[in-house]
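Residue numbers (the numbering used here): 0 to 89.
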């Protein structure tokens, strides 16, 4: 995301996004590739479905499968994006 859209995102969110971008860059990946791989590593996710409108998006989506996050990677991502507790609404 561009910081020019700052009115849509809180400062704390920018901190998370900056940390996430750095995480991906350190591994030579795009944010999308990290997100796809994180999703695929979740036990509750059966498959990751992606859409694409350009050929390069198809390539990037397919390349996401080449990176398997380690337990340390997943812990770091959980630190960047802490899970919120789920609360029953009934």
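Idealized CB from N, CA, C, for every residue including glycine.
Item, Value
"How long is the line joining the alpha carbons of residue 27 and residue 75, rounded to whole angstroms?", "16 Å"
"At which residues does the alpha helix (DSSP H) containing residue 18 begin and terminate?", "10 to 25"
"Roughly how many angstroms lie between the CA atoms of residue 67 and residue 10, to the nearest whole one?", "30 Å"
"Under the three-state reduction of DSSP, which class applies to residue 46: helix, strand or coil?", "coil"
"Do you know offhand how far residue 53's Cα is from residue 78's?", "33 Å"
"When the distance is taken between beta carbons, is residue 47 closer than 7 Å to residue 35?", "yes"
"By a C-beta neighbour count over all protein chains shown, 10 Å radius and 16 as the cutoff for buried, is residue 56 buried or exposed?", "exposed"
"Going by alpha carbons, who is nearest to residue 65 out of 84, 51, 86 and 29?", "29"
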